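Report on one structure; see the data block that follows.
In our numbering, the protein residues as written are 231 to 484.
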């Protein structure tokens with residue numbers, strides 16, 4: 231059971247889950263909001279069992295450092311961490327989903343990929359000379375030179391929202407250019423933006439857009455919209471309407 235505001239959740243053990251500043255910067259990102267989540271594989275129902283467990287890890291920062299610098303975790307794809315249990319899981323397989331796990335936090339890491347190419351060149355030198363008696367002698371020597379070319383690249387996963395278009399400060403609801411896409415179940419919940427868009431994608435036949443209200447944190451209010459007529463929607467600061475490229479042109483021409 232969770233209590234408190236979306237950005238300062240308390241789990242059933244009473245432990246406050248803090249989202250660190252680096253969790254959404256650089257090569258790190260929260261998976262499904264991050265809080266009370268354990269990292270999984272490509273599918274939410276698929277366990278990601280390819281991980282290294284460190285115990286007596288006293289902070290999320292220490293778990294992060296083990297992911298980035300430990301020789302045992304080369305190729306770290308993400309971390310699951312519990313402050314209460316002092317358990318740090320370093321995931322090696324790609325992290326693309328998570329499952330509910332009270333007290334844990336799941337973060338994805340887009341690790342640099344280093345490739346090394348070894349090249350060996352061989353050269354042969356032959357020396358020939360003639361003695362005073364007129365006989366000819368030859369001697370050959372072979373030299374091998376090796377060098378290693380190292381290249382490091384970073385492969386990142388583009389945010390789901392990159393494929394969507396949106397209209398900022400726009401609110402659409404019944405009587406003002408829109409209707410619910412969930413048979414009257416208007417409000418989806420407090421979600422990260424990426425998850426709000428995925429909820430709409432689950433209903434491709436009825437959902438035309440996700441309506442998102444930014445609450446100033448890592449989650450916001452999410453609604454699903456259908457039967458949109460954009461000119462009839464109203465300007466409201468803090469709201470944004472997100473629709474996929476598949477329906478963007480149709481919506482704008484209504």
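Heads up, the beta-carbon is just placed ideally off N, CA and C, and yes, glycines get one too.
As the structure is a computational prediction, the values presented were derived from the model and not from experiment.
For residue i, the first and last residue of its enclosing alpha helix (DSSP H)
i: residue 292; result: 290 to 299
Check whether residue i and residue j have beta carbons under 7 Å apart
i: residue 452; j: residue 477; result: no
i: residue 403; j: residue 443; result: no
i: residue 307; j: residue 325; result: yes
i: residue 284; j: residue 294; result: no
i: residue 456; j: residue 411; result: yes
i: residue 268; j: residue 334; result: yes
i: residue 458; j: residue 438; result: yes
i: residue 485; j: residue 257; result: The structure shown has nothing for residue 485, since the chain only spans 231 to 484.
i: residue 436; j: residue 336; result: no
i: residue 327; j: residue 270; result: yes
i: residue 399; j: residue 467; result: yes
i: residue 460; j: residue 440; result: no
i: residue 515; j: residue 401; result: This structure cannot speak to residue 515, because the chain is shown only from 231 to 484.
i: residue 561; j: residue 323; result: Lying outside 231 to 484, the shown extent of the chain, residue 561 is not represented and no answer is given.
Bounding residues of the beta strand (DSSP E) (the contiguous stretch that carries residue i)
i: residue 329; result: 327 to 339
i: residue 262; result: 258 to 270
i: residue 287; result: Run containing residue 287: none; DSSP gives neither H nor E here.
Per DSSP, the bridge partner or partners of residue i
i: residue 432; result: According to DSSP, residue 432 bridges with nothing at all.
i: residue 444; result: 450
i: residue 409; result: 456
i: residue 315; result: Paired residue(s): none; residue 315 is not in a bridge.
i: residue 473; result: 395
i: residue 281; result: 321
i: residue 251; result: Paired residue(s): none; residue 251 is not in a bridge.
i: residue 464; result: 401
i: residue 421; result: 450
i: residue 439; result: 455
Would you say the segment 464 to 474 touches the segment 282 to 294, given that touching needs at least three Cβ pairs under 8 Å?
In this structure the segment 464 to 474 does not lie against the segment 282 to 294, because fewer than three pairs of beta carbons, one per stretch, are closer than 8 Å.
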